[in-house]
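For reference, the structure is listed below as structure tokens.
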Amino acid sequence: MASASDAASAADGSGKITGAIRPPAVAGSFYPADRTALKQLITHQLDYSREVLQQLEPTLPAGVPKAVIVPRAGYVYSGTAAALAYALLERGRGSVTRAVIVGPTHRVAV
Numbered sequence: 061m062a063s064a065s066d067a068a069s070a071a072d073g074s075g076k077i078t079g080a081i082r083p084p085a086v087a088g089s090f091y092p093a094d095r096t097a098l099k100q101l102i103t104h105q106l107d108y109s110r111e112v113l114q115q116l117e118p119t120l121p122a123g124v125p126k127a128v129i130v131p132r133a134g135y136v137y138s139g140t141a142a143a144l145a146y147a148l149l150e151r152g153r154g155s156v157t158r159a160v161i162v163g164p165t166h167r168v169a170v
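If you read the sequence shown in our numbering, its first letter stands for residue 61, the second for the next number, and so on.
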């Protein structure tokens, strides 16, 4: 499993992975194990979310959200809610300078 320092150095700004990557722990359970199926699912959820946001645009505050809280359950349960949050963040593409990800474990009490 990757350490916090591995995660912190995982990308050098070029988009290339430079740190350790842990194997997917729940592929086939929380999301498709097949790479193509996973990509199709994510693309579908993001496309749907963009359509929803386009319809809601007149009622939404302008600008980039300062923060989003995104669920991380199985994609069939919360993928669309997560995709809506990420689609909102697309407004800030190129201007977002920091992301903080907090994801406690499902397997151990914290």
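For each residue, glycine too, the CB sits at the ideal point set by N, CA and C.
Inter-residue Cα distance where the pair is residue i and residue j
i: Pro-84; j: Gly-134; result: 13 Å
i: Leu-113; j: Lys-126; result: 17 Å
i: Gly-79; j: Arg-95; result: 21 Å
i: Thr-157; j: Glu-150; result: 13 Å
i: Ala-93; j: Pro-121; result: 37 Å
i: Pro-164; j: Arg-153; result: 27 Å
i: Ile-53; j: Tyr-108; result: Given a span of 61 to 170 for the chain in the structure shown, any question on residue 53 remains unanswerable.
i: Tyr-137; j: Pro-118; result: 28 Å
i: Lys-99; j: Arg-132; result: 17 Å
i: Gly-88; j: Arg-167; result: 17 Å
i: Ala-159; j: Ala-97; result: 27 Å
i: Gln-25; j: Tyr-146; result: The shown model of the chain, from 61 to 170, leaves out residue 25, and the question about it has no answer.
i: Tyr-91; j: Lys-76; result: 23 Å
Proximity to residue i [Cα-Cα], best of the options
i: Gly-123; options: Leu-101, Gly-88, Arg-82, Ser-155; result: Ser-155
i: Leu-148; options: Ser-89, Leu-116, His-104; result: Leu-116
i: Thr-140; options: Ala-87, Arg-82, Thr-103; result: Thr-103
i: Glu-111; options: Ala-97, Ser-138, Arg-82, Leu-144; result: Leu-144
i: Val-128; options: Tyr-91, Ser-89, Ile-161; result: Ile-161
Residues sharing a beta bridge with residue i, DSSP
i: Tyr-91; result: Ala-87
In chain order, each alpha helix (DSSP H) run of at least 4 residues that lies wholly inside the region 95-162: 95-116, 135-149
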